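**Q**
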Amino acid sequence: MTRKYSIITILLLFSCLTACGGDDNENDSPGASQAVISLSKSSLEFTGEAGEQSVALTTNHEWAATTSDSWITVSPENSTQQNATLTVKVQKNGNYDSREGTVTIMAGAAREYIKVTQAGGDGIPDPSAITCPLDGYKLVWNDEFDSGAYPDGDLWSYQEANPGWVNNELQTYVKEKTPAGTRVADLKDGKLRIKCFKEDGKIYSARLYGNVRTGWTYGYIEAKIKLPKGKGTWPAFWMMPVKFTAWPDDGEIDIMEEVGTNPNYVSSSLHALGHYHANNTQVTKERYLAGAEEDFHVYAIEWTSQYIQTYVDGEKLLYYENDGSGKRNWPYNEPFYVILNLAWGGSWGGMNGVDESALPCTMEVEYVRVFQKK
358 MTRKYSIITI LLLFSCLTAC GGDDNENDSP GASQAVISLS KSSLEFTGEA
408 GEQSVALTTN HEWAATTSDS WITVSPENST QQNATLTVKV QKNGNYDSRE
458 GTVTIMAGAA REYIKVTQAG GDGIPDPSAI TCPLDGYKLV WNDEFDSGAY
508 PDGDLWSYQE ANPGWVNNEL QTYVKEKTPA GTRVADLKDG KLRIKCFKED
558 GKIYSARLYG NVRTGWTYGY IEAKIKLPKG KGTWPAFWMM PVKFTAWPDD
608 GEIDIMEEVG TNPNYVSSSL HALGHYHANN TQVTKERYLA GAEEDFHVYA
658 IEWTSQYIQT YVDGEKLLYY ENDGSGKRNW PYNEPFYVIL NLAWGGSWGG
708 MNGVDESALP CTMEVEYVRV FQKK
């Protein structure tokens, strides 16, 4: 890396000197040679899959190649060889739309460019084709988990926490992987897999935050999820306020929760200063859902300034209206972000103890989608 940046610095300095030099006759003297770059291709086209192509380079000067596009890599990055082969690689396109990028080759004051074009990802749904079950909404954020091997760092962030951090839960939440290198979340066959397992005497799992910095205010939000099995599991799809200062004052929205000790009973709950579980006043509704741990089901919330309505496979579950009394009963008028996690044990998940023979276990998510009013 040191050589790369030193060469680029030298090239830029040389460019400045040649551009700013005051004696044209000196630049035109027989002893001075201007840098020239010749490329076999000035543009490359790729399919939506990961791939690579080669470009022959000829120059009379030391050179460097670079790109500012994170999905493109080029090698070698610099050389003194006057004849070389550049290898341009692209990552798989995880978006429906095509994309363009640029590789820049620098030699002295000379510049040449390779335009890189990649088609949209295969099998990635057209965002315009993803419709909301309710009229009047448009898609504003989603993850179909169709691209890459791990959760997209631009969309998701990890919680790190020790056992007992909240609800007396027994798991350790880590960022991406355990000290031994085992991943707590990955993507496979178009699904997000949140894993809970025991390793070196500790229980590990993942808690993922979606769009944690900005969240959304109001909308229709849904996820398609297959729940894990086993006494001790506590999977959840829920929301917390972006500007959180105190619980339950700032609110909590539980779109879906289930505990393995009471399998296939899914619930939705709301928590605020005027209604929360610590004094048994939370707003909650539960339903038995056959196959919740065997198949994928859609859990959703319709969230407006006037009411909250949750759904399971399109059927209404919890309904709660804004009574106009203010934040004590309606803190749900601020931006909230989504959370996916798989807890182990704790005050609810472990109310009847835990059974470690259920480990390892996995919570699978096919997609998360956020719609807002058009």
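Heads up, the sequence shown is in the numbering used here, so the first residue is 358 and it goes up one at a time. Even for Gly, the Cβ is constructed at its ideal location relative to N, Cα and C. Predicted, not measured: the structure shown is a model, and the values here were computed from it.
1) With DSSP as the reference, label residue 688 as helix, strand or coil.
2) May I ask you to check if the CB of residue 430 is nearer than 7 Å to at least one heavy atom of the ligand MN?
3) Secondary structure at residue 634, three-state DSSP: helix, strand or coil?
4) Applying the 10 Å Cβ sphere with the 16-neighbour rule, what's the burial state of residue 726?
5) Going by C-alpha distance, which of 562, 399, 440, 667 is nearest residue 417?
6) DSSP on residue 705, reduced to helix/strand/coil?
7) Closest to residue 466 by CA distance: which of 678, 719, 419 is it?
8) Excluding sequence positions up to five away, which residues of its chain have a Cβ less than 8 Å from the Cβ of residue 573?
9) On a CA-only basis, which of 566, 526, 579 is nearest residue 495? Give me that one, please.
10) DSSP state of residue 484, grouped into three classes?
11) Which of helix, strand or coil does DSSP assign to residue 432?
12) Measuring CB to CB, does residue 412 end up less than 8 Å from residue 445?
13) Does the separation of the CB atoms of residue 348 and residue 450 fall below 8 Å?
14) In this structure, how does DSSP classify residue 715 when only helix, strand and coil are distinguished?
15) Three-state secondary structure (DSSP) at residue 729?
16) I'd like the list of long-range same chain contacts for residue 704, defined as Cβ closer than 7 Å, with 5 residues on each side in sequence excluded.
17) Going by DSSP, which residues form a beta bridge with residue 722?
**A** So, from the data block:
1) Coil.
2) The ligand MN is absent from the structure shown, which contains no ligands of any kind.
3) Look at residue 634 here: in three-state DSSP terms it is helix.
4) Residue 726 should be labelled buried.
5) Out of 562, 399, 440, 667, the CA that lies nearest to the CA of residue 417 is found in 440.
6) In the three-state scheme derived from DSSP, where H, G and I count as helix and E and B as strand, residue 705 is classed as helix.
7) Ranking 678, 719, 419 by Cα distance to residue 466 puts 419 first.
8) Within the same chain, residue 573 has close Cβ partners 497, 498, 692, 693, 694, 727, 729.
9) Answer by Cα proximity: 579.
10) Residue 484 falls in the helix class under three-state DSSP.
11) Reduced to three states, the DSSP call for residue 432 is strand.
12) Between residue 412 and residue 445, the CB-CB gap stays under 8 Å.
13) No answer is possible for residue 348: the residues shown for the chain start at 358 and end at 731.
14) Helix, per DSSP.
15) If DSSP states are grouped into helix, strand and coil, residue 729 belongs with the strands.
16) Non-local beta-carbon contacts of residue 704 in its own chain, meaning distances under 7 Å to residues more than five positions away in sequence, involve 524, 525 in chain order.
17) DSSP, once it has assigned bridges, lists 549, 582 as partnering residue 722.
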